[in-house]
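Presented below is the structure to which this report refers.
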């Protein structure tokens, strides 16, 4: 009965609380999802310490209507910890970026981002694998395309905001943005 009212399009009916169709992943799901995406074990000391420090600030229930700014802040901080470990762990980094752009990306990590991220084809060394692993091009093509475009925009914008940023730092920032996004935390 309540479900039928939730689907009603009649503006003359009384408004009824309708539970959301989706929710936010709870703290342990976020923790494990980020591990799965990056290939960094959730037992990694840095990640575990960050998680334990943030656990109380992360979503404990999946209700999207109970999602707070503090939850997003904690998710972003955990994403930053995972992404930093990911860039600094050669085995995880190379497995994630297996493909034609990896050698160039890997050999330029300490170089200025402003001299590396100069074209969409170079931005795609980072944007495409992140979008592939977080959203996937098949199930949600529009979300995939949007994420890829926004990551490319971010990688191009970072050097204009902070001229000393390296390719490594820009890659961590793009990873953090993608991993902390709703695409990775919606359930």
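In our numbering, the protein residues as written are 86 to 272.
The C-beta atom is built at its ideal place from N, Cα and C for all residues, glycine as well.
The model shown is predicted, which means the values in this text are computed figures rather than measured ones.
Distance between residue j and residue i (C-alpha atoms, nearest Å)
| i | j | result |
| --- | --- | --- |
| residue 208 | residue 232 | 12 Å |
| residue 204 | residue 221 | 22 Å |
| residue 160 | residue 252 | 23 Å |
| residue 269 | residue 115 | 8 Å |
| residue 223 | residue 215 | 14 Å |
| residue 86 | residue 108 | With a pLDDT of only 41 at residue 86, under 50, the local geometry of the prediction cannot be trusted, and the value read off the model is given with reservation. In a straight line, the C-alpha of residue 86 is about 22 Å away from that of residue 108. |
| residue 265 | residue 236 | 13 Å |
| residue 211 | residue 138 | 29 Å |
| residue 225 | residue 135 | 31 Å |
| residue 175 | residue 163 | 20 Å |
| residue 352 | residue 189 | Outside the displayed span of the chain (86 to 272) sits residue 352, for which this structure offers no information. |
| residue 128 | residue 256 | 23 Å |
| residue 200 | residue 173 | 21 Å |
| residue 213 | residue 247 | 23 Å |
| residue 111 | residue 191 | 33 Å |
Span of the alpha helix (DSSP H) around residue i
| i | result |
| --- | --- |
| residue 238 | 226-246 |
| residue 146 | Where residue 146 is concerned, there is no enclosing alpha helix (DSSP H), given that its DSSP letter is neither H nor E. |
| residue 165 | 154-172 |
| residue 214 | 205-219 |
| residue 197 | Looking at the DSSP string, residue 197 is not in any alpha helix (DSSP H), and its letter there is neither H nor E. |
| residue 223 | No alpha helix (DSSP H) holds residue 223; DSSP gives it neither H nor E. |
| residue 137 | 130-139 |
Residue i, buried or exposed, once every other Cβ within 10 Å from all chains shown has been counted against 16
| i | result |
| --- | --- |
| residue 275 | Beyond the ends of the chain as shown, which are 86 and 272, falls residue 275; an answer cannot be given. |
| residue 89 | Only weak support is given to the placement of residue 89: the predicted model assigns it a pLDDT of 45, under 50, and the question is left unresolved by the model. |
| residue 193 | buried |
| residue 180 | exposed |
| residue 271 | exposed |
| residue 151 | exposed |
Min CB distance residue i to chain C below 7 Å
| i | result |
| --- | --- |
| residue 211 | Among the protein chains of the structure shown there is no chain C, as only one such chain exists. |
Expected contact under 8 Å - CB spacing of residue i and residue j to nearest Å
| i | j | result |
| --- | --- | --- |
| residue 202 | residue 244 | 7 Å |
Do the segment 160-169 and the segment 246-260 touch if we need at least three Cβ pairs shorter than 8 Å? Between the segment 160-169 and the segment 246-260 there are three or more C-beta pairs closer than 8 Å, enough to call the two in contact.
Using 8 Å as the Cβ pair cut-off and three pairs as the minimum, do the segment 137-151 and the segment 174-187 touch? no
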